[in-house]
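Per the UniProt record's numbering, the very first residue in the sequence shown carries number 1; after that it's consecutive.
Virtual Cβ for every residue (Gly too), placed ideally from N, Cα, C.
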Amino acid sequence: MRIFDPHIHMTSRTTDDYERMAAAGVRAVVEPAFWLGQPRTSAATFVDYFDSLIGWEPFRAGQFGVRHHATVALNPKEANDPRCHAVLDLLPRYLDKDGVVAVGEIGYDSMTPAEDAAFAGQLALAVAHDLPALVHTPHRDKARGVERSLAVVAESGIEPGRVLVDHLNEVTVKLVRDTGCWLGFSIYPDTKMTPPRMVELLRTYGTERMLVNSAADWGRSDPLLTRATGEAMLLAGFTDDDVDRVLWRNPVEFYGQSGRLDLSDLDAPAPTFAGNSILRGGE
Numbered sequence: 001m002r003i004f005d006p007h008i009h010m011t012s013r014t015t016d017d018y019e020r021m022a023a024a025g026v027r028a029v030v031e032p033a034f035w036l037g038q039p040r041t042s043a044a045t046f047v048d049y050f051d052s053l054i055g056w057e058p059f060r061a062g063q064f065g066v067r068h069h070a071t072v073a074l075n076p077k078e079a080n081d082p083r084c085h086a087v088l089d090l091l092p093r094y095l096d097k098d099g100v101v102a103v104g105e106i107g108y109d110s111m112t113p114a115e116d117a118a119f120a121g122q123l124a125l126a127v128a129h130d131l132p133a134l135v136h137t138p139h140r141d142k143a144r145g146v147e148r149s150l151a152v153v154a155e156s157g158i159e160p161g162r163v164l165v166d167h168l169n170e171v172t173v174k175l176v177r178d179t180g181c182w183l184g185f186s187i188y189p190d191t192k193m194t195p196p197r198m199v200e201l202l203r204t205y206g207t208e209r210m211l212v213n214s215a216a217d218w219g220r221s222d223p224l225l226t227r228a229t230g231e232a233m234l235l236a237g238f239t240d241d242d243v244d245r246v247l248w249r250n251p252v253e254f255y256g257q258s259g260r261l262d263l264s265d266l267d268a269p270a271p272t273f274a275g276n277s278i279l280r281g282g283e
């Protein structure tokens, strides 16, 4: 089973996670920029964070045979903090980087006017830089948040097929299904979705444009739940090809629209990352 986790926050995870993921069949990941759990005090802190997403983290992943790409954005939660608004001026610099395969996460947290402005502005950046967009849907009042997100996407002029609407569930999947957008589902231990629930959605809606991710971060989450979902699909009668489509070919097709997805030579040794070493003992 080959697995591409299209939404996982590896900055928050350990090297043990990378080792376990690689053993489970995870060969590639996309890490979206997100809220680190504590308010950042200036836009300058995002520079170091974005640099890490496109430099250090791909190197760290590569030590375990995992190919790492990123998306960058001002996330919805921090769009409400005036100290972070200057991040929008930094983004064009990073949206031209080779390892950046989309603008994201963008969208809504509390559905405020500040979030409206950041969402619309970053969709415009996605269009200008010819990149896909990864849309975060709010944890509260999700159905209204998805409806509002889809309206903003429609107003932006971006092609729906270049938009992934994430963190969906049984209530919201119907809202997105016929728009032409891609559908993302986060599999969590306690919240969001579970492997059995995901299997039932795949039975109902099929595998087209459906992506499964772990969205693993600093909270209670599990980077191996993509694998668990694939195993649940097989037990439910889905074929190996169905599993490969959901867990590999769909994320490759979506992020491949960036023209920057590099999955060549997955077994090649990772390059040395200047200025750092996790290879202890001077190796």
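DSSP on residue i, reduced to helix/strand/coil?
i, result
"Arg209", "coil"
"Ile158", "coil"
"Leu88", "helix"
"Arg280", "Only weak support is given to the placement of Arg280: the predicted model assigns it a pLDDT of 47, under 50, and the question is left unresolved by the model."
"Phe119", "helix"
"Asp240", "helix"
"Arg83", "helix"
"Leu164", "strand"
"Gly104", "strand"
"Arg67", "strand"
"Val29", "strand"
"Phe34", "coil"
"Met111", "coil"
"Met10", "helix"
Going straight from the alpha carbon of residue i to that of residue j, what length do you get?
i, j, result
"Ser110", "Met233", "34 Å"
"Val47", "Leu235", "45 Å"
"Gly281", "Tyr18", "Residue placement at Gly281 cannot be trusted, given a pLDDT of 41 that sits under 50; what the coordinates show is reported in the next sentence. If I take the Cα positions, the gap works out to 21 Å."
"Pro251", "Pro82", "34 Å"
"Val72", "Arg203", "33 Å"
"Ile54", "Lys97", "8 Å"
"Arg162", "Leu183", "11 Å"
"Cys84", "Pro39", "10 Å"
"Asp16", "Ala24", "12 Å"
"Leu247", "Gly230", "7 Å"
"Leu131", "Asp116", "20 Å"
"Ala61", "Gly180", "32 Å"
"Tyr94", "Ala151", "27 Å"
"Leu123", "Val146", "15 Å"
"Ala133", "Met1", "27 Å"
"Gly65", "Ser264", "12 Å"
Would you kindly report the start and end of the unbroken alpha helix (DSSP H) that includes residue i?
i, result
"Asp48", "44-54"
"Arg227", "225-235"
"Phe254", "250-256"
"Val19", "Note that residue 19 corresponds to Glu in the displayed sequence, not to Val. Counting along the chain, the alpha helix (DSSP H) containing Glu19 begins and ends at 15-24."
"Leu175", "173-177"
Can you tell me the Cβ-Cβ gap for residue i and residue j, rounded? I've got them flagged as a contact below 8 Å.
i, j, result
"Glu159", "His136", "That belief does not hold up - the Cβ atoms of Glu159 and His136 are roughly 19 Å apart, past 8 Å."
"Val100", "Ala70", "6 Å"
"Ser149", "Val165", "6 Å"
"Ser213", "His68", "Correcting the residue type first, residue 213 is Asn in the shown sequence and not Ser. In fact, because the Cβ distance is near 14 Å, the residues do not count as touching under 8 Å."
"Gly107", "Pro76", "5 Å"
"Val29", "Met10", "6 Å"
"Ser221", "Pro189", "7 Å"
"Ala215", "Ser186", "4 Å"
"Ala43", "Ala86", "4 Å"
Identify the continuous beta strand (DSSP E) that holds residue i and give its terminal residues.
i, result
"Leu134", "133-136"
"Trp182", "182-186"
"Asp5", "3-5"
Got a sec: does the ligand GTP put a non-hydrogen atom nearer than 8 Å to the Cβ of residue i?
i, result
"Pro32", "Looking for the ligand GTP in the displayed structure turns up nothing, as the structure carries no ligands at all."
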